[in-house]
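In UniProt numbering, the protein residues as written are 1 to 228. Every residue gets a Cβ at the ideal spot worked out from N, C-alpha and C, and that includes glycine. Values in this document were obtained by computation on a predicted structure and should not be read as measured data.
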């Protein structure tokens with residue numbers, strides 16, 4: 001059996017007409033949506049606690065005290081949920097030579113003119129940027145969050161260090177909001193992408209156009225013509 005380079009267990013071409021390709025298993029999709037839901041709750045509750053003008057958002061969670069209590073615990077859920085995703089996907093998100101070519105043709109990507117682009121594995125350079133950006137920022141947020149969690153760790157760091165941690169936490173939160181918006185926009189903008197995380201499958205045409213190396217590897221393992 002060939003070694004997997006661009007795919008993971010569970011990825012396969014389904015025997016349907018038209019051709020569909022299984023991209024994400026049910027566990028991975030559920031894991032993704034728990035992560036997404038946790039992040040949305042954190043963004044809303046974090047903004048509510050960040051500035052008095054946004055305090056009205058605490059009404060979504062039952063008031064200020066509940067929001068203040070809820071925010072760090074949901075942060076822990078996010079950390080471990082994303083950790084599960086990281087374990088499943090990190091290898092497929094390692095940089096490869098074709099990623100530099102993809103970035104150099106970002107203009108064609110935006111215009112949908114993909115003829116000059118290299119064949120790609122399961123993820124393109126943009127998706128990898130989002131993956132590693134989220135990975136780093138979630139670590140920064142959980143570490144800085146624990147440092148400012150006065151209810152359980154009041155003596156963990158000094159007051160000057162806690163002030164720095166508050167600033168770092170806020171900056172990391174802004175950065176992860178921007179990356180999250182980019183992720184959602186790209187998923188909607190690239191037609192046919194969202195169904196991968198709702199149904200678990202993509203069309204054969206989508207796979208051939210956007211992630212041809214991934215499709216070729218699956219076809220090679222299953223001894224099928226990827227252009228069928």
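Could you have a look at residue i and say whether DSSP puts it in helix, strand or coil?
i, result
"residue 28", "helix"
"residue 1", "Summary for residue 1: the model assigns pLDDT 49, below 50, so the residue's position carries little reliability; its value from the coordinates is reported in the next sentence. Here residue 1 sits in coil by DSSP."
"residue 21", "strand"
"residue 98", "helix"
"residue 203", "strand"
"residue 105", "coil"
"residue 227", "Residue confidence for residue 227 is low, a pLDDT of 48 falling below 50, so the modelled location carries little weight; the figure read from the coordinates is stated next. Note: residue 227 maps to coil in three-state DSSP."
"residue 211", "coil"
"residue 180", "helix"
Using the rule of at least 16 other Cβ atoms within 10 Å of the residue's Cβ for burial, across every protein chain shown, is residue i buried or exposed?
i, result
"residue 227", "Bear in mind that the predicted position of residue 227 carries a pLDDT of just 48, short of 50, making it too unreliable to give a figure here."
"residue 39", "buried"
"residue 19", "buried"
"residue 172", "buried"
Using beta-carbon positions only, say whether residue i and residue j come within less than 9 Å of one another.
i, j, result
"residue 193", "residue 21", "no"
"residue 131", "residue 102", "no"
"residue 64", "residue 48", "yes"
"residue 169", "residue 145", "yes"
"residue 106", "residue 141", "no"
Just checking my contact of residue i with residue j at CB under 8 Å: how many whole Å lie between their CB atoms?
i, j, result
"residue 24", "residue 214", "Rounded, the Cβ-Cβ distance is 12 Å, inconsistent with contact."
"residue 51", "residue 122", "Going by Cβ atoms, the distance from residue 51 to residue 122 rounds to 40 Å, so no, they are not a contact pair."
"residue 71", "residue 45", "4 Å"
Looking at the strands, I want to know which residues DSSP matches up with residue i.
i, result
"residue 13", "21"
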